[in-house]
Structure formats: C-alpha cells, structure tokens
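Trainee: Sending over a structure as structure tokens; questions will come in a sec.
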Amino acid sequence: MPDFRTLLVFASTLFLAFVLERLPMPEILSWLQPAWVILAVTILVLRAPTLFGLWLAIPLGLMLDAERGSYLGLHILIIALHIYLLQVLYKRIVMFNFIQQMAVVFLLVVLQQMLTYWVLSVLTNSTRPVDLWLPALTSAMMWPWVYALVSTAMRKVSHQ
C-alpha cells in the first residue's frame, strides 16, 4: 500500500486532469484539446499497475459522463478498455522509448475517439469525424510532458 503522499500525488493528477478537461478553449482550438483524463489514467496505471486497476474506470467514467452529458456508461466502457489494454501491454510499454510510448498513447486515444464516435453515430446524428485524430495527436505530443511532470512529483515525494 502506498503512503499518503503518493496517494496525494495520484489524486492531484486526477484532479488536475479533470480541471484541464473542462478548461474553456476558443472554438477553433477546441478540436485540439488533449484527452487529459486518459493521459492521467495512462500515467497512473503505468506508475502503479497493481493499485490502479479496472475499478478506476467506474468513478472516472461516471464523472466524465456527468461532466460531458453523454450516455451513462459510455466513458466507463472506454476507460475500462483503456486500462485493460494498458495492463495487458504494461511490460512492453514500460520498456519502450518516448517515441514508441507516444505512438501507443496516440493509438489508445484514437481507439477511445473511434469508440465514442461509433456509439454517438449509432445513437445520434451529430458527430464530427475530424475529432478523431486531432485530440489523439495532441495527447501524444503532451505525453512526454505529463510523464516528466508526474515522475518529478513522485521523485520529490519519495525523497521527503
């Protein structure tokens, strides 16, 4: 069981991800907004795979569903699939360099975007296919920064 300071860093990471997810952006830049919660889930699962499992998908998915006003359970399914794929590929992803990790993050966010697009296109008629690629690209570009920020915070917490 991790100590209190480590859990505080993980909780702060999730809180910051939700704040950044709701950050208002100009309309032209709204298509470029990274998937901050998915990035936070990725770093949490890669830093502590035994602590953060599929149980994390339920509260985070419910919060995202409530925040975005989407269908109940849509983000639970997407985050659960994301966590499952991360845990299956954990040993490989940890050994990858940053370019390969960015490619994995890109593919995982594209999968998340495609699942969201597919569900929304089946249930409604209001979808924008351009949303599939740009958030995935910006999420992949933000991955080294997110990884470095959380790793630095974890190092500072563990040395105190």
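If you want our numbering, it's the position in the sequence shown, counting the first as 1, plus 85.
No residue lacks a Cβ here, since even glycine has one placed at the ideal position from N, Cα and C.
Every value quoted in this text rests on a predicted model; they were computed, and no experiment measured them.
(1) State the DSSP-derived secondary structure class of I113, mapped to helix, strand or coil.
(2) Flag this pair as yes or no: are the beta carbons of L149 and H160 separated by less than 7 Å?
(3) How close, in whole Å, do the beta carbons of S224 and V204 come, if the pair is a contact with beta carbons under 8 Å?
(4) Measuring only the C-alpha atoms, how far is W121 from R153?
(5) Looking at L217 and Y232, is the spacing between their C-beta atoms short of 7 Å?
(6) Three-state secondary structure (DSSP) at R153?
(7) In terms of residues, what are the limits of the alpha helix (DSSP H) holding F100?
(8) Rounded to whole angstroms, what is the Cα-Cα separation between S243 and T91?
(9) In three-state DSSP terms, what is L136?
(10) Following the continuous alpha helix (DSSP H) through Q118, name the residue where it begins and the one where it ends.
(11) Assuming P119 and M239 form a contact by the criterion Cβ under 8 Å, report the distance between their Cβ atoms to the nearest whole angstrom.
(12) If you reduce the DSSP assignment to three classes, tell me which class H160 lands in.
(13) With burial defined as no fewer than 16 other Cβ atoms inside 10 Å of the residue's Cβ, what is the status of Q198: buried or exposed?
(14) Could you check the C-alpha separation between I113 and P220 for me, to the nearest Å?
(15) Mark R132 as exposed unless 16 or more other C-beta atoms lie within 10 angstroms of its C-beta, in which case mark it buried.
Mentor: In short, the structure shows the following:
(1) coil
(2) yes
(3) Wrong, their Cβ atoms sit about 19 Å apart, outside the cutoff.
(4) 14 Å
(5) no
(6) helix
(7) F89 to E106
(8) 8 Å
(9) coil
(10) Where Q118 is concerned, there is no enclosing alpha helix (DSSP H), given that its DSSP letter is neither H nor E.
(11) Not a contact, Cβ separation roughly 21 Å.
(12) helix
(13) buried
(14) 13 Å
(15) buried
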